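Protein chains in written order, with our numbering: chain A, 1 to 271; chain B, 1 to 325. Single-structure report; data block below.
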Amino acid sequence: MRQVSSLHRGFSRVLGELGTAFLGGGASWWRVFHFGALALVMALSPATYDRENRAVTANQIYFTAWQVLPWFTLLAALLSLVLIRIVVETTMSYGLSQYALEMVVRVLVLELIPLFAALFVALRSGAAINTEVALMHIRGDFDALRRAGVDPLRRELVPRVIGSAVSVVALAAVSGVIALALAYIGVYGFSPWGFAGYTRMVGHVFDLQVTLGLALKTLLFGLAVAVIPITASLETPREVRLAPVAVLRGMVRLFLVLVLLEGASLAVKYI
Amino acid sequence: MLPEPQPAPVIPHAEFKAALLLALTLALISGFLAYVMYARGVFASTQRLVLVADDSEGAKVGMDLTFSGFPIGRVQRIELAADGKARILIDVPREEARWLRTSTVFTMERGLVGDTRIRAYTGVLDDPPLPEGAMRPVLRGDASAEIPRLIATMRALLENLEHMSGAESSLSASITNVQTVTERMKGRYGALAGVLGSGDNARKVITALDRTNALLASVGEVSAKLDRMIVKADERVFGAAGVMDETQKTIVQLNAVLRDARESLKKADAVLAEAQAVGANTRAATTDLAALRAEVEASLRKVAHLVDEINRKWPFARDTQLKLP
């Protein structure tokens, strides 16, 4: 009898923990969405950009986008060049070279480059933002700011979101355009006579849904790269030993979201 | 204890750089959007063409209409018409529309690999141009649709071959027969045994041939004897004092007899002429007799008339029958 009751207690405890974890997870995701929406609204309202904030936002953009742009562009161009070469060679050996260009554009510009840019920014700036915000949270900087009459959301967090969103979009745009140019050169060489066919193919690939989907996906990537680490940092208890946990949780969640976004975009396009 | 945060380093022209980056990004995005809109023909004025197909399978929105391998139009919409046919609505830019004439033929082909293609063929480029909103039928050619038919034909062919090469097939039986015949041919009597079916028959034929040879030899002797006989008969018939000689003399005598007979016939001719004259006289007499008879008949008719008259005039007589004495 005692055994049964202890089993029952254990079972109900596990259930209770599962329920708590589920509720906690749900609440945590809710905080992500809430903060994301809040950050988006604040980023779009002109009142956010007072003199101080403008400087902070400019600094963030400088750190997350300007500094990495040349190196990232070079890296992306290299990757594009290799991929274009592989696709062109393979399609030629199968006698399907007329599909090479479309495949290159679809794979590179629509899928790989935005994901690559988001992962790069996440690795470089997302992790930094995560750690920085976690430390500020633990140190109580936000409380100090609040006491000084400054909204920490507006002063510290939204500029970081804007910086990473701009970074992802800028990196994806620059690398995408370079990849398009490299694809033209990879298929037609430096001859100008492929331009009509190339234009036609671009028109064929980028219909309204695909273009809007690409824009939305890149924007969501940019938001996620900052919003998820910041949320993960803010919900950590204020103990120094938990700072690495906050970074770990934030980065894992961010990776999950990036993969889910990419999977959803592929599913909408091709299923 | 956490280290105190250092003041952020001062970045020269941070705001300018951020604005430059934003401007670059925006310029790239808007330039790309403009290029895509140009590529999708948003700025070009187009002409509508409607293709009517039995089956729109393989046709997709956004696919090209090609002419001589060059894309000249794009499918905008595919819809099902009230008559159950598929309507493929194509936008052709005005500058490309000159390739489409009233005599242009449209085809929709489907290869084994790759997309369906809609093609236009214009034979006569001097024909009047295709009007706006023209409706044209599209001919379908489907390579993969041919495959089942091809496979069915091939299967039938293979079945026939199988029938032909099977153990009970007529071809196999024929070959077996040929084998039997050639085996017989290998025997003592050669091809003859093959043709006749067995060695016994062949032996009989050979025996018959031997006999025929003997027979022919005796026939040769007989014909030699006949030859001699013919020579003798020739002498008897055509020789001096032979049958022919005698016959000639007889014919001379016959000529004399015939001459006499001709004389006699002439005399008989004269007798006949006289007899003819007698006949002529007799004919004249016969003509007179005919006149006499006519007169007698007339007299008799008058008497008969008279009697009729008397009978009519006789008051008491009831019997109208005339009683001749």
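Don't be surprised by glycine CBs; every beta carbon is placed ideally from N, CA and C. Remember, predicted model here, so these are calculated numbers, not experimental data.
Residue-chain proximity (residue i, chain A), Cβ-Cβ < 8 Å
| i | result |
| --- | --- |
| B/F67 | no |
| B/A44 | no |
| B/A97 | no |
| B/I11 | yes |
| B/F106 | no |
| B/E57 | no |
| B/I29 | yes |
| B/R119 | no |
Length of the line joining the Cα atoms of residue i and residue j
| i | j | result |
| --- | --- | --- |
| A/L214 | A/L112 | 11 Å |
| A/L119 | A/F255 | 8 Å |
| A/Y270 | A/G263 | 10 Å |
| B/I118 | B/D64 | 7 Å |
| B/I72 | B/L139 | 18 Å |
| B/L21 | A/G189 | 30 Å |
| B/A173 | B/N160 | 16 Å |
| B/M1 | A/L248 | With a pLDDT of only 49 at B/M1, under the threshold of 50, the placement of this residue in the model should not be trusted, and no figure is reported. |
| B/Y38 | A/A55 | 38 Å |
| A/F22 | B/F16 | 46 Å |
| B/V202 | B/N213 | For clarity, residue 202 of chain B is Ala in the given sequence; the question names Val instead. Each residue's alpha carbon lies about 17 Å from the other. |
| A/M103 | A/A148 | 56 Å |
| A/L258 | A/L79 | 20 Å |
| B/T122 | B/F67 | 8 Å |
Spatial neighbours of residue i in its chain, beta-carbon cut-off 7 Å, leaving aside the 5 residues before and after
| i | result |
| --- | --- |
| A/L260 | none |
| A/S265 | G213, K217 |
| A/V109 | G176, A179, L180 |
Chain A contact residues for residue i, given Cβ-Cβ distances below 8 Å
| i | result |
| --- | --- |
| B/V36 | V202, G203, F206, T211 |
| B/T25 | V166, V169, A170, A173, V174 |
Residues near residue i by beta carbon distance below 8 Å, same chain, minus five either side
| i | result |
| --- | --- |
| B/F238 | M244 |
| A/L171 | A65, V68, L69, F72, T73, A76, A117, F120, V121 |
| B/R236 | G242, V243 |
| B/P129 | A97, R98, L100, R101, T102 |
| B/H305 | none |
| A/D151 | L145 |
Contacts around residue i, its chain only, beta-carbon distance under 6 Å, and the 5 residues preceding and following it disregarded
| i | result |
| --- | --- |
| A/Q60 | P159, R160, G163 |
| B/R312 | none |
| A/W193 | none |
| A/T57 | P159, I162 |
| B/E109 | R117, G141 |
Cutoff 8 Å: residue i Cβ touching any chain B Cβ
| i | result |
| --- | --- |
| A/V169 | yes |
| A/I271 | no |
| A/V104 | no |
| A/A173 | yes |
| A/A117 | no |
| A/R253 | no |
| A/V107 | no |
| A/V87 | no |
| A/Y41 | With the sequence shown as reference, residue 41 of chain A is identified as Val, and Tyr is not the correct amino acid for it. So, not an interface residue. |
| A/V158 | no |
| A/V68 | no |
| A/M177 | Checking the sequence shown, residue 177 of chain A turns out to be Val, not Met. Yes, its Cβ sits closer than 8 Å to a Cβ of chain B. |
| A/R31 | no |
Contacts that residue i makes with chain A (C-beta to C-beta distance below 7 Å)
| i | result |
| --- | --- |
| B/P71 | R200 |
| B/G62 | H204, D207 |
| B/L22 | V166 |
Beta-carbon neighbours of residue i, restricted to chain A and to distances below 9 Å
| i | result |
| --- | --- |
| B/G41 | G203 |
Partner residues on chain B for residue i, Cβ-Cβ distance less than 8 Å
| i | result |
| --- | --- |
| A/W71 | Going along chain B, no residue has its Cβ under 8 Å from A/W71, so there is no contact; the nearest lies around 15 Å. |
| A/R54 | E15 |
Cross-chain neighbours of residue i in chain B, by beta carbon under 7 Å
| i | result |
| --- | --- |
| A/I185 | Simply none; closest approach about 17 Å. |
| A/Y62 | I11, A14, K17, A18 |
| A/W193 | Neighbours of A/W193 on chain B: none; closest Cβ ~12 Å, over 7 Å. |
| A/A65 | L21 |
Practice problem: Tell me, please, whether the stretch 157-174 of chain A touches the stretch 123-134 of chain A by the rule of three or more beta-carbon pairs shorter than 8 Å. | Solution: As far as the Cβ criterion goes, the stretch 157-174 of chain A touches the stretch 123-134 of chain A, which means the pair count is three or higher.
Self-check item: Cβ pair count under 8 Å reaching 3, the stretch 241-256 of chain A against the stretch 78-92 of chain A
Solution: The stretch 241-256 of chain A and the stretch 78-92 of chain A do not touch, with fewer than 3 CB-CB distances between them shorter than 8 Å.
Quiz item: Do the stretch 11-31 of chain A and the stretch 224-239 of chain A meet, that is, are 3 or more Cβ pairs less than 8 Å apart?
Solution: Contact between the stretch 11-31 of chain A and the stretch 224-239 of chain A is established, with three or more Cβ pairs separated by less than 8 Å.
Quiz prompt | Three or more C-beta pairs below 8 Å linking the stretch 183-197 of chain A and the stretch 139-147 of chain A | solution = Counting C-beta pairs with one atom in each stretch, the stretch 183-197 of chain A and the stretch 139-147 of chain A have fewer than three that are closer than 8 Å, which means they do not touch.
Quiz item: Three or more C-beta pairs closer than 8 Å, one from the stretch 5-21 of chain A and one from the stretch 131-139 of chain A: is that the case here?
Solution: The answer is no - the stretch 131-139 of chain A does not touch the stretch 5-21 of chain A, with fewer than three Cβ pairs under 8 Å.
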